[in-house]
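Here is the structure we will look at.
Residue numbers (the working numbering): -14 to 687.
If you want it as structure tokens, here you go:
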């Protein structure tokens, strides 16, 4: 689901809904996810350009080109862009829009910019908007105090009511600071009473609307103790939540959020406080369209593990066992695909037998890159005569949530035009409604508790020369993968330094009898280097939480230190990347000022993984310790370096732009210091050995 946020005074709500729009439109960019090609230092992050604070700024490295882009959350019409330049401005730049963050269209271009504040009248459409700087006016980088995008959101025109649906409704919270700040104070319509939580993360406040509603807006009136990072979530049952808005750059005061969702319960789920106090709201208001979605609040998943058939199925080296059943197994890493060759034609179909007649109210399709550009969703009582309940000729793939209204025992997707030269393929095909003969799917794992507690910790405080605690860590021995040139030993290269650090040491020494890719320096296929790799697979596996380690990386050509998570089902036969991989930190020696965080799954992996660099221009990460962390729950992941959040992945955005979220199962931790590989390249004549990766501690909280 897509969202738009603007921060306004509470008194502006009626004006927002009823007054004619001004020429500039609505401010769409403030507080939205933002990324950049680089940052000058940790004090000038990309987020500072969309935080509404003219005293903070983004600045880049001092090279051309550089860019800053904002994700508006949904396709929007853009009619004005305002650039508030710092003295390090661009003389030449473009304003560009994109539907996917990859293919860009110029909507403004100049080679004679003079800095200051530039208000540009433009005409474009896209979800992503960026400033692409091609020539700097000074020897420094590009720097913006503010980057503001105005226009009309793709979610506009919903007829959003000005009536507060949450007023005096039952409210509950994860905690309260004291008896004078109850949850009910946030929905009592008074601006002199408030809810406040204890001083910990995460915290939540939720309201029961009494029945499922179509929700179009939320207004948060923050006390001084506001949320820097939070999500707005909806639920039909108060247990299973869907995120319809999230931010890691909340600005406090009054925030009016325009969003799209449905549910009986609405909550603010706060994950990062802006102050040392808790989260506190004077008022929590919810606005609806006044309509109830199809199916009300009683719809359940009807299609799990039900008998499925298809026009054809693929079962070969490229897609082994891609049978119709895989679309209904509730596993986002398995899929159905039409047969190679014969199934790469139109039409093709896949259907499911719900076991009994059902009232179908929603269908959710998660497409593989082999998607349908035109298809129908149909229902049938007898598996012979079909009735359309949905049709499109402009599908763009990825995840599509379709509200429908039909009755039948059988439901099928009938594809009439392929979006690629290949066939049709679905990761999941979920049917919701009432009736049928449903089988309950496995329960989702719980999100981290509040407050969180440490569930794993290793401070590496044992005497010098000792190896890692065998009750926590397993030595992962043998040659590496990904073209690496080292042999991982059984403890010789992973020892304590006696000063509270684990040392993972890469050495130039051959391992007789081993086999590695050819070493460019020696021409040998015997592994010419040794190093260490340890993991928690035999001792500690977990789903969700706060994962943190303080590390001093190695930093020379050919070294590749990493702190990462791998799906535990890899150990029981699920191949990579179906098991999922979460790279909290990777560093390659040839790029000393940058570390990387990346997600890998069947639909996005390897060089096409979904991730982000964190750059401190001109620095060298190997010169000091840095703290690398991941906050992970069922709706998002946020990656930080030294408490600077630089990459947030919203599940809803990932599923609608990249592919399935495959991270709702146990993972284990890995620490290693690789030598060589496809990405960093091999050591060369300038590489000095040994190279020591130091790890101060590893902690997990839930």
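We put the beta carbon where it would ideally sit given N, CA and C, even for glycine.
Starting from the C-beta of residue i, find all residues in its chain whose C-beta is less than 6 Å away, skip the five residues before and the five after it, and write them out in chain order.
i	result
residue 380	357 and 358
residue 308	298
residue 220	226, 248 and 250
residue 30	24
residue 46	23, 126 and 602
residue 110	62
residue 544	574 and 676
residue 96	77
For residue i, count the other beta carbons within 10 Å of its own beta carbon; 16 or more makes it buried, fewer makes it exposed. Which is it?
i	result
residue 572	buried
residue 583	buried
residue 153	exposed
residue 36	buried
residue 118	buried
residue 695	The first residue shown for the chain is -14 and the last is 687, placing residue 695 beyond what the model contains.
residue 200	buried
residue 683	buried
residue 422	exposed
residue 611	buried
residue 438	exposed
residue 124	exposed
residue 246	buried
residue 665	buried
For the alpha helix (DSSP H) that contains residue i, what are its first and last residues?
i	result
residue 641	636 to 642
Taking the alpha-carbon positions, what's the residue i to residue j distance?
i	j	result
residue 391	residue 348	11 Å
residue 672	residue 41	40 Å
residue 639	residue 176	37 Å
residue 190	residue 158	4 Å
residue 593	residue 643	10 Å
residue 300	residue 399	21 Å
residue 86	residue 112	8 Å
residue 649	residue 615	15 Å
residue 98	residue 54	19 Å
residue 697	residue 244	This structure does not reach residue 697, given that the chain is present from -14 up to 687, and the question cannot be answered.
residue 342	residue 425	17 Å
residue 79	residue 600	23 Å
residue 241	residue 274	16 Å
residue 32	residue 180	28 Å
residue 576	residue 633	23 Å
residue 7	residue 50	Unreliable positioning characterises residue 7 in this predicted model, as indicated by a pLDDT of 34, which lies under 50. The coordinate reading is nonetheless provided below. Those two C-alpha atoms are separated by around 34 Å.
residue 172	residue 236	21 Å
residue 313	residue 619	20 Å
Name the two residues that bound the continuous beta strand (DSSP E) containing residue i.
i	result
residue 266	265 to 273
residue 490	487 to 491
residue 114	102 to 121
residue 15	That residue, residue 15, is in no beta strand (DSSP E); it is neither H nor E in DSSP.
residue 231	227 to 232
residue 518	518 to 520
residue 350	333 to 352
residue 220	212 to 220
residue 91	90 to 95
residue 375	372 to 377
residue 419	410 to 420
Measure how close the beta-carbons of residue i and residue j come, nearest whole angstrom, since I'm counting them as under 8 Å.
i	j	result
residue 530	residue 646	16 Å between Cβ atoms; not a contact.
residue 621	residue 231	6 Å
residue 691	residue 284	It is not possible to answer for residue 691, since the shown part of the chain is limited to -14 through 687.
residue 469	residue 661	5 Å
residue 256	residue 186	6 Å
residue 167	residue 193	Actually they do not touch by this definition, with Cβ atoms about 15 Å apart.
residue 409	residue 333	5 Å
Please return the same chain residues whose Cβ sits closer than 8 Å to the Cβ of residue i, not counting the five positions on each side in sequence.
i	result
residue 510	500, 501, 502, 503 and 504
residue 405	354, 355 and 356
residue 160	182, 183, 185, 188, 263 and 435
residue 174	149, 152, 153 and 268
residue 773	For residue 773 there is no data in the structure shown, the boundaries of the chain being -14 and 687.
residue 136	10, 11, 13, 61, 62, 63, 64 and 65
residue 520	458, 459, 461, 551, 653, 654, 655 and 656
Got a sec: is the Cβ-Cβ distance from residue i to anything in chain D below 8 Å?
i	result
residue 302	The structure shown contains no chain D, having only a single protein chain.
In chain order, what residues of the same chain lie with their CB nearer than 7 Å to the CB of residue i, ignoring the 5 residues before and after it?
i	result
residue 486	445, 679, 680 and 681
residue 561	555
Let me check you understand the geometry: is the CB of residue i closer than 7 Å to at least one non-hydrogen atom of the ligand NAP?
i	result
residue 543	Among the ligands in the structure shown, none appear at all, so the ligand NAP cannot be discussed.
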